[in-house]
Structures are given as structure tokens and as C-alpha cells.
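Under UniProt numbering, the residues of the sequence shown are numbered 1 to 371, in order.
By construction, the Cβ of each residue, glycine as well, lies at the ideal position given by its N, Cα and C atoms.
Report on one structure; see the data block that follows.
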Amino acid sequence: MEESLTTKPTSPSPEASSRFVLGVDVGGANLKSVLINQQTEEATARESFFPMWKRPESLAEQLHSDWTSLLADSQTDADLIDGIAVTMTGELADCFTDRQHGVTHIAEHVQSAAKQFSRCAELAFYSTAGKFIGVDAVPSQVDALAASNWHALAFWAANHVATNGILIDVGSTTTDIIPLQNGRVATDAKTDHQRLRDGSLVYIGCRRTPVCSLVDSLRIDGIDVPIMNEFFATIDDARLILRQQPESSEDLDSADERPRDRQSAHRRLAKMVGWDADELSSEQADSLSQQIIASAQIQIDQSLQRWIERISGQADENITLLLSGHGQDLITRTNRCNTIDLRDRLTPEVSRSAPAFAVARLWLDNHREVR
């Protein structure tokens, strides 16, 4: 599954002299790339489904294909790209034995794709120290490079959107809840383990989260029915049933690798309570879906509440929430807090790839400061 999207230009179309920077977010299930025109700040985004755990050896090939498509969409040339700025989370894929293995594999494949793609672009990797490093330094900086995309987004947001607040980025797999204070990322947690402990990483997303990780039982006709602890369905199926996600019969990124449509989602959800599809009515499917989504919302809200209390003890209406990602409906406080929706700042399409956009902008900031 691939998707290519372009923001509306902020000024006339780029001329041949325009220069570009490419931001790349290498995830475990999706690759996201954003090409930014340095003069107009027009951004073009591309997202492709790439199950890292199935074919890590094809990463360079897929990246090169994505970037080539971006060039075609923006009608530009690779030699006009000054930098390729990279952040990642894909090192978590279970095809890798540990972070060292994953980070170095990703860096090697990004470098290979970059060499084929552009003769003159500088390749730089973002670390949770808020700095960029070259590919030669990757093996010695693994912990700072691993799962760094949340930090890139938060660092950019704290410097360009709101100096104080809480950034909430709801993606396909996880939700990041990051406090921002005085223009900085206000958590000392850096690794996934540290972030799980402090609540800034919530392992709930809007698509890939298994139903059995969200609920232990579902209420059917007034009776609480224990669910099957199997990977039969995900939160995506509940969202499809409630029409919160568009159907895509060609997309097979589902629990059973069958189409992401409502009929298939209905069947997958029925399995969670030991039924065939014809035993689960449409009304019951709607009810079960609402319960599943409500559980995800409650768990995200509980983590958010702890952060609100931790950073200031302020009332909700005095807190600014910066919303990002494509699962924002899982955030329930938008009508009680001051909110800034990055979809309005970046367009909905680029917001889906916000860390890739952010890491490109941070690379630009860094080079403008040097100049």
C-alpha cells in the first residue's frame, strides 16, 4: 500500500534553483518520507506499507522507490536535494536480534538507498540528544538513534509550534504523550523502556493494536463475555465497522491478512467472542466496536491525566494539547483543553508523516544556524 500526497504550496511553484531536504521516518510497519522545498516550504509526503519483519533485506529498494516517486510528484531532481535526514523506530522489528542489529541494518540500507538516489545529499541520522550524526558514528550511538522519531517531532514542535504544552501523537501502533516546557522536550526518558515507565509511550494505536490487549471481556446482551486471547482482530476492525476508517479492499494489512473492509472486519470481530460472522448482528458489532474504542480512549486519557498532574497540576482548560497523527479521535479531551491541531499547520496528509517532516525541518534549522 502506497500513498503520495502533496501539501498546497505557500507560494508560487518552485523554480529550478530551489533546493530541497528529504525527511525519512523508518518504522517497523510503514515508511514515511517528506520532501520539503527550502524556499517555499511546500512539502510532499509519501507513505508505504513495509512490514520490516517480513523482508528487511528489501528496505533499501523500497526507500529508493518511495523517494523516486516523491521526485516525480514534485517534478524535481535528486541533485537539488541538500540533505537526507533520518529518524527511526523500525529497529524494534522481531527480525532483528537487538537494537544494535536493527539500527545498523536500517542505517546501512538508508545509506545504500541514498547513494543510488542522490550524488550530493548529506546523510544525517537524528538522535534523542537533539543532534544529527553521520553514518560512520551510528554503531556507537545506537541507543540515541533507536526509536528517535517521537523526539524529533517533539523537539520541532517545542521550537516552532508551542513552547509549553503536551504533544499527543496517535499513530497506527503507539501513542506518544510528550510534555513540552520552555521550548524543550520535558522528559528525561529516552529509550522505549524508560518511556513505558514514565507514561510518555502508550502502546495503543489506531490501527494495529490487538483487541485482546484492550479488553478482557465484551458486554453482549447484558452479559460480560470473556474474549479469546488470540490475534483475531485489531482496533482497526472496530474503526472500520463504525466507519471511522475508510475501507480498502486492496489493503491486506489486517489480523488475518484479508481485506480491510467492513464485511471482513465483522468476521474478524465475531471470532473474538467465539462466533461466526452470521451469529453477530450489525447492532452487536457496533456495540462491541464502541466498547473496544472506549477502552483505548480511557487508557490514553489516563496516561494524559498523569502528565497533566505531573507537569503543573493545572486545570484542563489551561493546558495546551498539540495533536498529531491519524488517530486523533482516540483523544477525548479536545473539547476541554486548548488545542493546536498539526493537521491545520501541516495539512492532514503531511501530519500523518509528521516525524519525517519534523526531522527535515530540524536538519534545515541546524544548517541555517551554522550558516
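8 Å or more divides the Cβ of isoleucine 227 from the Cβ of leucine 240.
The beta carbons of alanine 43 and leucine 362 sit no closer together than 8 Å. Taken in chain order, the complete beta strand (DSSP E) segments of 3 residues or longer contained in the stretch 314–357 are 320–325 and 338–341. When C-alpha distances from leucine 330 are compared across Ala294, Phe20 and Lys131, the shortest belongs to Ala294. Under the 8 Å Cβ criterion, the stretch 30–44 does not count as touching the stretch 94–106, having fewer than three qualifying pairs. Distance between threonine 175 and aspartate 192, taken at the CA atoms: about 12 Å. According to DSSP, glutamine 181 shares a beta bridge with Arg184. By the neighbour-count definition (other C-beta atoms within 10 Å, threshold 16), glutamine 305 is an exposed residue.
Within its own chain, no residue has a Cβ closer than 7 Å to the Cβ of glutamate 57 once the five positions on either side in sequence are excluded. If you draw a straight line from the Cα of alanine 114 to the Cα of valine 26, it is about 14 Å long. For the beta strand (DSSP E) assignment, the uninterrupted runs of no fewer than 3 residues enclosed by the stretch 50–136 are, from N- to C-terminal side, 81–88 and 122–126. For the pair tryptophan 156 and asparagine 30, the Cα-to-Cα distance works out to about 21 Å.
Here asparagine 338 really is in contact with isoleucine 319; their C-beta atoms are around 7 Å apart, less than 8 Å.
Valine 170 has Thr175 and Gly325 as its beta-bridge partners, per DSSP.
Within its own chain, the residues whose Cβ lies closer than 8 Å to the Cβ of aspartate 77, once the five positions on either side in sequence are excluded, are Leu71, listed in chain order.
In this structure, DSSP gives alanine 146 a state outside helix and strand, which the three-state scheme calls coil. The Cβ atoms of phenylalanine 132 and alanine 107 lie no closer than 8 Å to each other.
In the structure shown, the three-state DSSP call for leucine 364 is helix. Of the other Cβ atoms in all chains shown, 16 or more fall within 10 Å of the Cβ of glutamine 245; this residue is therefore buried. Under the DSSP assignment, leucine 288 falls in the alpha helix (DSSP H) whose first and last residues are 282–311. Annotated three-state conformation of lysine 271 is helix, per DSSP.
Inclusion of aspartate 169 and serine 324 in the CB contact set at 8 Å is warranted, their separation being smaller than that value. Here arginine 268 is near serine 254, since their CB atoms are less than 8 Å apart.
Shown here, asparagine 164 sits in coil according to DSSP, grouped into three states, outside any helix or strand.
The residues Met1, Pro259, Arg260 and Asp261, in chain order, have a CB closer than 8 Å to that of serine 248 in the same chain once the five nearest residues on each side in sequence are set aside. Between methionine 272 and alanine 233, the CB-CB gap stays under 8 Å. When C-alpha distances from alanine 189 are compared across Gly183, Arg197 and Asp237, the shortest belongs to Arg197.
In the same chain as glutamine 116, and ignoring 5 residues on each side of it, the C-beta atoms closer than 7 Å to its own belong to His64, in chain order. In this structure, DSSP gives leucine 242 a state outside helix and strand, which the three-state scheme calls coil. Contact annotation, glycine 222 with serine 172: C-beta distance approximately 34 Å; criterion of less than 8 Å not satisfied.
In this structure, the CA atom of threonine 334 is about 8 Å from the CA atom of leucine 321.
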